[in-house]
Amino acid sequence: MSDTAAPGAAELRIDAPHRELLDQVLDKWSLSVLNELCERPCRFNELRRAIPAVTQKSLTATLRRLERNGIVERHVVATRPVAVEYRITPLGKTLRAPVDVLLEWADAHMAQIEDARRAFDDELE
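The sequence shown maps to residues -11 to 113 in our numbering.
Here's what the structure looks like:
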């Protein structure tokens, strides 16, 4: 932080609503779903195939959370039988830049993080 920052500007404050939102949109399955939907809209089973480790129950819950937060929208396709397609919303697309920043940070610091993990694990042994 710069010396000219306002008092308290350096404080990291994550209030409950922010924490809840971040927990819901940055969890393991949400990031995988968003990664798939950034490319193109997908049906439920396409997402299941693209993310084989996710269970049907977890994928359903993840899609519902993302839809509730306005990140993903559910679109009913008028076919026989009726199909549902999921797509990222304009609001959801705005998550790309901050997620990319977090990934860049992780890439830049992964060696240090792995060293810290090894040191921690070695102390436990």
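Beta carbons: idealized from backbone N, C-alpha and C, even for Gly.
Could you give the first and the last residue of the continuous beta strand (DSSP E) run that contains residue i?
i          : result
residue 27 : No beta strand (DSSP E) holds residue 27; the alpha helix (DSSP H) holding it covers 16 to 27.
Give the secondary structure of residue i by DSSP, where H, G and I count as helix, E and B as strand, and everything else as coil.
i          : result
residue 41 : coil
residue 71 : strand
residue -1 : coil
Hey, could you find the ends of the alpha helix (DSSP H) residue i is sitting in?
i          : result
residue 89 : 84 to 112
residue 8  : 4 to 13
Between which residues of its own chain and residue i is the CB-CB distance below 8 Å, once the five residues before and five after are set aside?
i          : result
residue 36 : 42, 44 and 47
residue 70 : 64
residue 81 : 26
residue 87 : 14, 19 and 22
With a threshold of 6 Å on Cβ separation, who are the neighbours of residue i within its own chain once the five nearest residues in sequence on each side are excluded?
i          : result
residue 53 : 12
residue 2  : none
Can you find the residues in the same chain that come closer than 7 Å, C-beta to C-beta, to residue i, ignoring five residues on each side of it along the sequence?
i           : result
residue 25  : 60, 74, 75 and 76
residue 115 : Only positions -11 to 113 of the chain appear in the structure, and residue 115 is not among them; the question remains open.
residue 108 : none
residue -1  : none
Rounded to whole angstroms, how far is the Cβ of residue i from the Cβ of residue j, which I believe are closer than 8 Å?
i          : j          : result
residue 62 : residue 72 : 6 Å
residue 58 : residue 79 : 5 Å
residue 39 : residue 20 : 5 Å
residue 83 : residue 22 : 7 Å
Kindly identify the DSSP beta-bridge partner or partners of residue i.
i          : result
residue 31 : 73
residue 62 : 74
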